[in-house]
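Report on the following structure.
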Amino acid sequence: MAYAYLFKYIIIGDTGVGKSCLLLQFTDKRFQPVHDLTIGVEFGARMITIDGKQIKLQIWDTAGQESFRSITRSYYRGAAGALLVYDITRRDTFNHLTTWLEDARQHSNSNMVIMLIGNKSDLESRREVKKEEGEAFAREHGLIFMETSAKTASNVEEAFINTAKEIYEKIQEGVFDINNEANGIKIGPQHATTNSTLSGSQGGQQAGGGCC
Amino acid sequence: ASPLSTFSTLSPLSLSPKFSQDPVTTTLGGFSKVTNYLFDAFRGPDTVLLKQRPVGEVADLLNEAIPGLDINQLEEPGYEVITRIDLGVLPEVRRREPVGAEEWNTNMDPEGRMRNISHLKQTIFKGGLCHVLRKEGWKFLLGYFPWESTLEERRSLTRRKTDEYFRMKLQWKSVSEEQEKHNSMFRDHRSLIEKDVNRTDRTNTFYEGQDNPGLILLHDVLMTYCMYDFDLGYVQGMSDLLSPILYVMEDEVDAFWCFVSFMDQMHQNFEEQMQGMKTQLIQLSTLLRLLDLSFWNYLVAQDSGHLYFCFRWLLIRFKRELSFPDVLRLWEVMWTGLPCQNFHLLVCCAILDSEKHQIMEEQYGFNEILKVCVLLCFACIQLVDGNHGDLAGSIYTVAKTPGGRQLIDGNHGDLAGSIYTVAKTPGGRQLVDC
Numbered sequence: 015m016a017y018a019y020l021f022k023y024i025i026i027g028d029t030g031v032g033k034s035c036l037l038l039q040f041t042d043k044r045f046q047p048v049h050d051l052t053i054g055v056e057f058g059a060r061m062i063t064i065d066g067k068q069i070k071l072q073i074w075d076t077a078g079q080e081s082f083r084s085i086t087r088s089y090y091r092g093a094a095g096a097l098l099v100y101d102i103t104r105r106d107t108f109n110h111l112t113t114w115l116e117d118a119r120q121h122s123n124s125n126m127v128i129m130l131i132g133n134k135s136d137l138e139s140r141r142e143v144k145k146e147e148g149e150a151f152a153r154e155h156g157l158i159f160m161e162t163s164a165k166t167a168s169n170v171e172e173a174f175i176n177t178a179k180e181i182y183e184k185i186q187e188g189v190f191d192i193n194n195e196a197n198g199i200k201i202g203p204q205h206a207t208t209n210s211t212l213s214g215s216q217g218g219q220q221a222g223g224g225c226c
Numbered sequence: 472a473s474p475l476s477t478f479s480t481l482s483p484l485s486l487s488p489k490f491s492q493d494p495v496t497t498t499l500g501g502f503s504k505v506t507n508y509l510f511d512a513f514r515g516p517d518t519v520l521l522k523q524r525p526v527g528e529v530a531d532l533l534n535e536a537i538p539g540l541d542i543n544q545l546e547e548p549g550y551e552v553i554t555r556i557d558l559g560v561l562p563e564v565r566r567r568e569p570v571g572a573e574e575w576n577t578n579m580d581p582e583g584r585m586r587n588i589s590h591l592k593q594t595i596f597k598g599g600l601c602h603v604l605r606k607e608g609w610k611f612l613l614g615y616f617p618w619e620s621t622l623e624e625r626r627s628l629t630r631r632k633t634d635e636y637f638r639m640k641l642q643w644k645s646v647s648e649e650q651e652k653h654n655s656m657f658r659d660h661r662s663l664i665e666k667d668v669n670r671t672d673r674t675n676t677f678y679e680g681q682d683n684p685g686l687i688l689l690h691d692v693l694m695t696y697c698m699y700d701f702d703l704g705y706v707q708g709m710s711d712l713l714s715p716i717l718y719v720m721e722d723e724v725d726a727f728w729c730f731v732s733f734m735d736q737m738h739q740n741f742e743e744q745m746q747g748m749k750t751q752l753i754q755l756s757t758l759l760r761l762l763d764l765s766f767w768n769y770l771v772a773q774d775s776g777h778l779y780f781c782f783r784w785l786l787i788r789f790k791r792e793l794s795f796p797d798v799l800r801l802w803e804v805m806w807t808g809l810p811c812q813n814f815h816l817l818v819c820c821a822i823l824d825s826e827k828h829q830i831m832e833e834q835y836g837f838n839e840i841l842k843v844c845v846l847l848c849f850a851c852i853q854l855v856d857g858n859h860g861d862l863a864g865s866i867y868t869v870a871k872t873p874g875g876r877q878l879i880d881g882n883h884g885d886l887a888g889s890i891y892t893v894a895k896t897p898g899g900r901q902l903v904d905c
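From first to last, the protein sequence lines are chains A and D.
Per the working numbering, the first sequence starts with residue 15, numbered consecutively.
Per the working numbering, the second sequence starts with residue 472, numbered consecutively.
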C-alpha cells in the first residue's frame, strides 16, 4: 500500500514486560498470551493516518534477554521511534530503565522519539510501580509516557500513534533530515515530488507540505 | 577469531590430490599471488525457476552459466584475479528413506552393541530416523549412550543417571523461600524459566493448554540443568533446544541427559557476552565470502556484513525457521556430525543463497535484509519440503552455491568433503594450509 512516510520503531525493555503482546495488539488487534518468547528480533507493520497522511510503521520487537543485548543493539540502528516498556507489576523492570535508555540513546540517532510505557495496567491489584513514578522518570529524561494494557488494548493505539505524531511534528519542524534513512524515516511512494537534493531542515518543511 | 578456525573445524579432511602431493608449491605457486578472488553469482535463471526445473536441466543451465575457471592476469601484473570457477555438472540428489527399526536392529549385535557405526551414521545423515526410532536413536546420536555399549551397560548407565538426575532435582526442589530470598541468581533463573516455559511451543500438543504435564517436565528439566551447570544457569533459547528433545523422549531423565549432551555442543552460544555466537557469525561471514563474494560484498555495502540477521538461526539451530517435524529431522541429521562440524554454517549459506536473488534484485537495505531473514520461516519450510523431500531441498540449495555444488559430490557419495570444496577454492586452500 502506498504511504507518505515510513517510520522505523523499536520496542525495548526487560524480558516478559509484554513487548510482543503490545506489538500484536497494535498490528492484529488481539491479545495472545501464549506466543513464543522472542529470540533476537521480531517484526510487525501497520499503516496509520496522521494529518491526513498515510504513515507506515515498521516495528522491530527486540528480545529482552540481557545477554543478547550486544547483538540486539545492532537492530536499533536508524530507528525514528522507540517504545521503552516496563511492567507495572515488577519493580525490577522499572529499575532497569536507565540502562535501557542509555543503550538506546547510544546506539540510535539522537532525535529518536522515545515513549515510556508502563504495561499491564489491567493488573492494578499487583501494581508495584506507581503511575506517578513513571511520569517522573519520563519527565526527568524527556520522554513521553503512557500506561497501557496489551491485554485490554487500553492506550495501545495511542502509544504507537502518539509516538508517530511526535516524529511527524519533528519532521515538520525540520529536526529530522528525512532524506537520510539513518534517521529511521523513509519517504514513501505516495509522497508528492521528492526532491533528492533537499536536505536538512529545508527538506523537512517541504516534505511536510507535500502529499498526493 | 581468525578465519582459520572456521576451517580447522571443518572435517573430514580430504584435500585435492595435487594439494596433498605438494602442498607448498601448490599453495605458494597458486595462491600467494592471489589478491582477490571473485565468484560470479549465478546469472540467468532465477531461483524459483531453478527449483521447479528437473535436476538434469538445472545442471545444464548451471553449466552454461559457469563455463569454467577464468583467470584474469591483466588487471595487475603479477597478480591473478580469479573470476570464475568451474563447478561442473550438478549431480542429482536423492534423500534416502528414514532408517527404520528393522535396519536399526540389523546393526545391533546380540549383546546390544551397535555395529557399522559410521555406515549407520551415513544412512541417518541421508535419510534421518523413523519417528518411532528417535527415542532410542537420539540417545546414541547425542552421545548419552555410547555406541559400543551393551544393553546391560546401558541399563546400568540409565540407573546411575536416574539417581544423579533426581539428586540434582532435589537440590533445587529443597531450596526454601528464605534461601531463595538471599539468592538473587537462583531467583532470576527460576523466574525466567517459569516465564519461558509458558512461551515455548505452546501450540504443540505436548505443551498446549493450561495444565499440560509437558509444561512441568520442561520446567523441571530446565531447573535441574541450572543445578547441573550453575555458571550458565538458564539463558533464553535453551527452552527451544529442550522442547523437541523432551517431546521425543517423553521422559524427564532421558530428556535431561540428552539435553546435557546437546548443550555441550551449544554451550558457547549461550555464554556471557555471546562470544560463541560472535565467533560463529565471523566464521559464517568468512564462509559466505568464500562461497559467494558478490553477495557478501553486497551485504557489506548494506552494513549487514556482520550477519546479525542470522542470529536466531544459529542460536537455536533453525528451530524457529522450520516446522517442528522438520526440526526433528534436521537436528538428527546434524547430530551425525557429518559431513563436518560446521555443517550448520553451510545450511545458513544455503538459506542465504535462496534469499539472495530477492535481496539483491530488489536492492534491499539493512532493514529489509533483516526483515527477510526474520520472516523467513515460510521460505524455509518450502526449502525443506519442496519437491525434494525433507532435507534434500536445503542440501540442494547448498549445491547451488558455487562452492556448495562440490558438497554433493559423486565421489564422496553425499555431502562429505566440504573441506575438499573449500580447499579447492583459492582462498580456502590458503586458509586450510596456513
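Even for Gly, the Cβ is constructed at its ideal location relative to N, Cα and C.
Contact belief for residue i with residue j at Cβ below 8 angstroms, rounded distance in angstroms
i, j, result
"D:CYS811", "D:LEU755", "Their Cβ separation, rounded to whole angstroms, is 14 angstroms, which puts D:CYS811 and D:LEU755 out of contact at 8 angstroms."
"D:ARG605", "D:VAL719", "5 angstroms"
"D:ASN838", "A:LYS22", "6 angstroms"
Under 8 angstroms between C-beta atoms of residue i and residue j
i, j, result
"D:PHE727", "D:TYR636", "yes"
"A:ALA164", "D:GLN707", "no"
"A:ILE73", "A:ALA59", "yes"
"D:MET656", "A:PHE82", "no"
"A:ASN133", "A:ILE102", "yes"
"D:LEU689", "D:SER714", "yes"
"A:PHE57", "D:LYS842", "yes"
"D:SER732", "D:LEU622", "no"
"A:THR113", "A:LEU36", "no"
"A:VAL99", "A:THR177", "no"
"D:GLU792", "D:TRP784", "yes"
"A:LEU38", "D:THR671", "no"
"A:VAL170", "A:PHE40", "yes"
"D:VAL748", "A:ILE85", "With the sequence shown as reference, residue 748 of chain D is identified as Met, and Val is not the correct amino acid for it. Contact: yes."
"D:ILE425", "D:MET639", "Here chain D comprises residues numbered 472 to 905, so residue 425 of chain D is not present and cannot be evaluated."
"A:LEU130", "A:LEU157", "yes"
Contacts that residue i makes with chain D (C-beta to C-beta distance below 9 angstroms)
i, result
"A:LEU97", "Those do not exist, as A:LEU97 stays about 17 angstroms from chain D at its closest Cβ, beyond 9 angstroms."
"A:ALA118", "Those within 9 angstroms of A:ALA118 in chain D number zero; the least Cβ separation is about 17 angstroms."
"A:LYS22", "ASN838"
"A:GLN72", "ASN838, LYS842"
Residue environment, residue i, which counts as buried when at least 16 other CB atoms sit within 10 Å
i, result
"A:SER124", "exposed"
"D:ARG800", "buried"
"A:ASP191", "buried"
"D:MET698", "buried"
"A:ALA61", "Note on identity: in this sequence residue 61 of chain A is Met, with Ala being the wrong assignment. The residue is exposed, with fewer than 16 neighbouring Cβ atoms inside 10 Å."
"D:ASN740", "buried"
"A:LEU111", "buried"
"D:HIS660", "buried"
"D:LEU499", "Any reading at D:LEU499 must be qualified, since the residue scores a pLDDT of 37, below 50, and its modelled position is unreliable; the value itself is stated next. Per the 10 Å Cβ criterion, exposed."
"D:LYS652", "exposed"
"D:ILE588", "exposed"
"A:ALA173", "buried"
"D:VAL771", "exposed"
"A:ALA16", "exposed"
"A:ILE24", "buried"
"D:ASP691", "buried"
"D:ALA572", "exposed"
Chain-ordered chain A contacts of residue i [CB-CB under 9 angstroms]
i, result
"D:LYS666", "THR29, GLY30, LEU51"
"D:ASN683", "Simply none; closest approach about 11 angstroms."
"D:LEU663", "THR29, GLY30, GLN79"
Within chain A, partners of residue i - CB distance below 8 angstroms
i, result
"D:ASP745", "Just to set this straight, residue 745 of chain D is Met in the shown sequence, not Asp. Near D:MET745 (Cβ distances below 8 angstroms), the residues of chain A are SER81, PHE82, SER84, ILE85."
"D:HIS777", "SER88"
"D:VAL692", "Per Cβ cutoff of 8 angstroms: no residues; D:VAL692 is ~17 angstroms from chain A at best."
"D:PHE837", "ARG91, GLY92"
"D:THR671", "ASP50, LEU51"
"D:LEU786", "ILE53, GLY54"
Closer than 7 angstroms at the beta carbon, the chain D residues around residue i
i, result
"A:PHE57", "LYS842, VAL845, LEU846"
Chain-ordered neighbours of residue i on chain A, where CB pairs are closer than 7 angstroms
i, result
"D:GLY708", "ILE53"
Every unbroken alpha helix (DSSP H) within the region 744 to 794 of chain D, with a cutoff of 4 residues, ordered by chain: 746 to 762, 764 to 772, 782 to 786
Continuous beta strand (DSSP E) assignments of at least 3 residues falling wholly in the region 103 to 160 of chain A: 127 to 133
Segments of 3+ residues assigned as beta strand (DSSP E) that fall wholly inside the region 176 to 207 of chain A: 199 to 201
Unbroken stretches of the alpha helix (DSSP H), 4 residues or longer, contained in the region 649 to 716 of chain D: 655 to 668, 684 to 699
Ordered list of beta strand (DSSP E) runs contained in the region 20 to 55 of chain A, each at least 3 residues: none
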